[in-house]
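First the structure, in the form of structure tokens, and then the observations on it.
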Amino acid sequence: MSEALATLQQLTVAFDERVVVDRVDLVIQRGDIITVIGPNGAGKTTLIKAILGIQKPTKGSMALQTGLTIGYVPQHLTLEPTLPLSVRGFMLLSGQSLNVCRDCLGKTGVDHLINASVHHLSGGEKQRLLLARALARKPDLLVLDEPAQGVDINGQAALYDLIRNLRDELNCGVLMVSHDLHLVMAATDKVICLNQHICCSGYPADISHDPAFIDTFGRPVAESLAVYHHHHNHSHDLHGDVVVKGQGHPDHGSCDHAHH
Amino acid sequence: MLIIDAILNDFFWRALIGGLGVALVAGPLGCFVVWRRMAYFGDTLAHSALLGIALSFLISVPMNLGVIVTCVVLSVVLVMFQRSRALATDTLLGILAHSALAIGLVALSFMPDIRFDLTGLLFGDLLAMSRTDLLWIYGGAAIILALLAVFWRGLLMSTIHEELAKVEGVQVERLRLILMLMFSIVIAVAMKIVGVLLITALLIIPAATARRLAGNPEQMVGLAIGFGCLAITGGLSMSWFLDTPAGPSVVVTAFCAFLLVYGSARRAPA
Chain C
132 MSEALATLQQ
142 LTVAFDERVV
152 VDRVDLVIQR
162 GDIITVIGPN
172 GAGKTTLIKA
182 ILGIQKPTKG
192 SMALQTGLTI
202 GYVPQHLTLE
212 PTLPLSVRGF
222 MLLSGQSLNV
232 CRDCLGKTGV
242 DHLINASVHH
252 LSGGEKQRLL
262 LARALARKPD
272 LLVLDEPAQG
282 VDINGQAALY
292 DLIRNLRDEL
302 NCGVLMVSHD
312 LHLVMAATDK
322 VICLNQHICC
332 SGYPADISHD
342 PAFIDTFGRP
352 VAESLAVYHH
362 HHNHSHDLHG
372 DVVVKGQGHP
382 DHGSCDHAHH
Chain L
438 MLIIDAILND
448 FFWRALIGGL
458 GVALVAGPLG
468 CFVVWRRMAY
478 FGDTLAHSAL
488 LGIALSFLIS
498 VPMNLGVIVT
508 CVVLSVVLVM
518 FQRSRALATD
528 TLLGILAHSA
538 LAIGLVALSF
548 MPDIRFDLTG
558 LLFGDLLAMS
568 RTDLLWIYGG
578 AAIILALLAV
588 FWRGLLMSTI
598 HEELAKVEGV
608 QVERLRLILM
618 LMFSIVIAVA
628 MKIVGVLLIT
638 ALLIIPAATA
648 RRLAGNPEQM
658 VGLAIGFGCL
668 AITGGLSMSW
678 FLDTPAGPSV
688 VVTAFCAFLL
698 VYGSARRAPA
């Protein structure tokens, strides 16, 4: 069962003649986890903003399924120090009941912080709060802009696992932007490599061999990703019987260590 | 009715009632000034009030109305300039604030047959509060409180995170205009109390004082109103007993409360 939540056709965004997003075609289906990666200035955030309706496209079209609810997890929550705000207060501003808010905080694992001040949260806790806030709106499409920024490496892996689980539980679509190539490759279904235009897209296992990808990120990155990805599949038993031979890499052990 | 009439006949009570009415709206709006870092913006609008006064003399409309319209126009111009990003916001505000003040003063000098009290405009003339002024204050306060009540969640959400608010369907741009309209009204009515040069103080000092004691936004608004009322009452009493100018006395009282709270409270909650 596939159901298009958002359909982009030849979507182009330009600021004063400078094309930031160039003729992007993209369909986000319910149940998808799509990750947009790309170098700095590739237009990732602009693309996301166009989908969110914050940025008007210069050309092309963007259509959302009618009645679609978007849950947005912004990059940062930088709160003015002069604005006193508790986690409870922030959640209630979503317009949902306290029970729903508590439930969503529980899903992202921060329900114990309900009475804490937002100012006192760590980077990871803030991301989980923002995620809970997005969930409170019962989204059909969850849009995350670099959700793992300011989160330590173990926290990042946990966060991506959480996003996967939420997708399964809520049966929503997920679109995220990320810099953390390694983790993204492990956590995502489909990767879109953006460099103004979509330079390549596909499944993580394939994309790292794509010449366009290697062009954009360089061979060393692509190779390390390929290695990492195979290793990851192996350790998570997703392709239980596929044992990749000749991957006796020196960093095999340390990878294992970092990941479990 | 007789008692009310008697009270309104006394200039001290009129001043107090008017002052408390202004404190009632300066509290919540002051919180937004502090939260959105708009102190300098408030100053600019207040400075432009003088231009509004000159214009209302020129085309003979009520002074308050002239000030409100001028402030609204100036804030719209400001937002447009800001969008073009030709100059940094503080530079832009500095230019507009002082130009508006200067144009206002020059314009007033061309009207020698109109008698007005410049010191009163700049530093407030609380004790000359008329019944009409009271009507303006409470009318303005009613409008502002109604707008705040209706748009509270959206205003707060767009203050916390503008883009998140947009995605959630909050009309961020429209709310910004409404907020500016509210500032314009409060400046027009508060001018009488503390004068154009001290209005920002009445907005931000009580709000900043309240921040130290508040655990949520609503509490901060309530406390800011309380500290505003305290400043008005204290300032008026000071003016009464020590024969000091009323407007500056109100600001001095607010500042004393600020020092007292920041000196004694151990740390800010939340």
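If you read the protein sequences in the order shown, they are chains C and L. Basically this note's numbering = 1-based index in the first sequence + 131. Basically this note's numbering = 1-based index in the second sequence + 437. Cβ coordinates follow ideal geometry from the N, Cα and C atoms, glycine included. As the structure is a prediction and not an experimental result, all values here were calculated from the model.
What distance in whole Å lies between the Cβ atoms of residue j and residue i, which are believed to be in contact at a cut-off of 8 angstroms?
i: Asp153/C; j: Thr143/C; result: 6 angstroms
i: Gly304/C; j: Arg161/C; result: 5 angstroms
i: Val604/L; j: Leu650/L; result: About 33 angstroms separates the two Cβ atoms, so there is no contact after all.
i: Tyr575/L; j: Leu530/L; result: Contact flag wrong, Cβ pair sits at about 30 angstroms.
Shortest alpha-carbon distance to residue i belongs to which of the options?
i: Thr347/C; options: Asp337/C, Tyr334/C, Leu325/C; result: Leu325/C
i: Ile168/C; options: His243/C, Thr209/C, Val322/C, Val249/C; result: Val322/C
i: Leu210/C; options: Arg590/L, Ala537/L, Met594/L, Arg520/L; result: Met594/L
i: Ala311/C; options: Asp283/C, Leu301/C, Gly304/C; result: Note on identity: in this sequence residue 311/C is Asp, with Ala being the wrong assignment. Considering only alpha carbons, the answer is Asp283/C.
i: Ile636/L; options: Ser546/L, Pro654/L, Leu559/L, Leu679/L; result: Leu559/L
i: Gln397/C; options: Ile164/C, Val241/C, Leu260/C; result: There is simply no residue 397/C to check, as chain C begins at 132 and stops at 391 in what is shown.
i: Cys235/C; options: Pro270/C, Thr189/C, Pro188/C, Gly349/C; result: Pro270/C
i: Met619/L; options: Arg520/L, Ala683/L, Leu697/L, Val510/L; result: Val510/L
i: Val504/L; options: Val633/L, Phe692/L, Leu533/L; result: Val633/L
i: Leu563/L; options: Ser485/L, Cys666/L, Ser676/L, Tyr477/L; result: Ser676/L
i: Pro170/C; options: Glu300/C, Val308/C, Leu252/C; result: Val308/C
i: Ile201/C; options: Val231/C, Asn246/C, Ala137/C; result: Ala137/C
i: Arg648/L; options: Gly458/L, Gly456/L, Gly671/L, Phe695/L; result: Phe695/L
i: Thr213/C; options: Ala565/L, Gln656/L, Val516/L; result: Gln656/L
Does DSSP put residue i in a helix, a strand or coil?
i: Leu223/C; result: helix
i: Ala135/C; result: strand
i: Val358/C; result: In this predicted model, Val358/C has a pLDDT of only 46, less than 50, meaning its place in the structure is not dependable enough to derive any value.
i: Met307/C; result: strand
i: Leu673/L; result: helix
i: Val623/L; result: helix
i: His328/C; result: strand
i: Val633/L; result: coil
i: Cys693/L; result: helix
i: Lys269/C; result: coil
i: Val276/C; result: Residue identity differs from the one stated: residue 276/C is Asp in this sequence, not Val. Correct three-state label for Asp276/C: strand.
i: His365/C; result: Residue confidence is low: His365/C scores 38 on pLDDT, short of 50, so the model does not pin down where it sits. No coordinate-derived value is stated.
i: Phe553/L; result: coil
i: Gly379/C; result: Its pLDDT being 38, under 50, Gly379/C is placed unreliably in this model, and the value from its coordinates should be taken loosely. Note: Gly379/C maps to coil in three-state DSSP.
i: Ser253/C; result: coil
i: Gly333/C; result: strand
i: Thr209/C; result: coil
i: Val688/L; result: helix
i: Ile202/C; result: Residue identity differs from the one stated: residue 202/C is Gly in this sequence, not Ile. Of the three classes helix, strand and coil, the one that applies to Gly202/C here is strand, per DSSP.
i: Thr143/C; result: strand
i: Ser701/L; result: helix
i: Ile245/C; result: coil
i: Val218/C; result: helix
i: Val607/L; result: coil
i: Val374/C; result: Because the pLDDT at Val374/C is just 40, under 50, the model does not fix this residue reliably, and the point stays unresolved.
Provide the residue span of the beta strand (DSSP E) that contains residue i, from first to last.
i: Thr481/L; result: Looking at the DSSP string, Thr481/L is not in any beta strand (DSSP E); the run it does join, the alpha helix (DSSP H), is 476-495.
i: Asp156/C; result: 149-160
i: Val167/C; result: 164-168
i: Tyr193/C; result: Residue identity check: residue 193/C is Met in the sequence provided, not Tyr. Here the beta strand (DSSP E) through Met193/C covers 190-195.
For residue i, return the contacting residues in chain A, with the cut-off set at a CB-CB distance below 8 angstroms.
i: Met500/L; result: The displayed structure is made up of protein chains C and L, and chain A is not among them.
Looking at the unbroken alpha helix (DSSP H) that takes in residue i, where does it start and where does it end?
i: Asp291/C; result: The sequence given here places Tyr at residue 291/C; Asp does not occur at that position. Where Tyr291/C is concerned, the enclosing alpha helix (DSSP H) stretches over 284-301.
i: His535/L; result: 526-546
i: Val458/L; result: The amino acid at residue 458/L is misidentified as Val; the sequence shows Gly. 448-472 is the span of the alpha helix (DSSP H), which, as asked, contains Gly458/L.
i: Lys238/C; result: 229-238
i: Ile575/L; result: The sequence shown places Tyr at residue 575/L, not Ile. 568-597 is the span of the alpha helix (DSSP H), which, as asked, contains Tyr575/L.
i: Asn501/L; result: 500-521
i: Pro342/C; result: 342-348
i: Ile185/C; result: Run containing Ile185/C: none; DSSP gives neither H nor E here.
Quick check: is any heavy atom of the ligand MG less than 7 angstroms from the C-beta of residue i?
i: Ala145/C; result: As far as ligands go, the structure on display features none, and thus does not contain the ligand MG.
Self-check item: Cβ contact check for the region 637-645 of chain L and the region 580-600 of chain L: 3 or more pairs under 8 angstroms
Solution: Here the region 637-645 of chain L does not lie against the region 580-600 of chain L, with fewer than 3 beta-carbon pairs under 8 angstroms apart.
Quiz item: Would the region 592-607 of chain L and the region 445-461 of chain L be scored as touching if the rule is three or more Cβ pairs under 8 angstroms?
Solution: Segments in contact, no.
Quiz item: With contact counted as at least three CB pairs below 8 angstroms, one residue from each stretch, are the region 493-508 of chain L and the region 655-672 of chain L in contact?
Solution: Fewer than three pairs of CB atoms, one per stretch, sit closer than 8 angstroms, so the region 493-508 of chain L makes no contact with the region 655-672 of chain L.
Quiz item: Pairing CB atoms from the region 487-505 of chain L with CB atoms from the region 533-552 of chain L, are three or more of them under 8 angstroms?
Solution: Look at the beta carbons and you see the region 487-505 of chain L touching the region 533-552 of chain L: at least three pairs across the two are nearer than 8 angstroms.
Quiz item: Three or more beta-carbon pairs under 8 angstroms between the region 219-235 of chain C and the region 186-195 of chain C, yes or no?
Solution: Counting Cβ pairs under 8 angstroms, fewer than three are found: no touch.
Quiz item: Do the region 243-260 of chain C and the region 211-218 of chain C make contact, defined as three or more Cβ pairs closer than 8 angstroms?
Solution: The region 243-260 of chain C makes contact with the region 211-218 of chain C: 3 or more CB pairs, one atom from each, lie closer than 8 angstroms.
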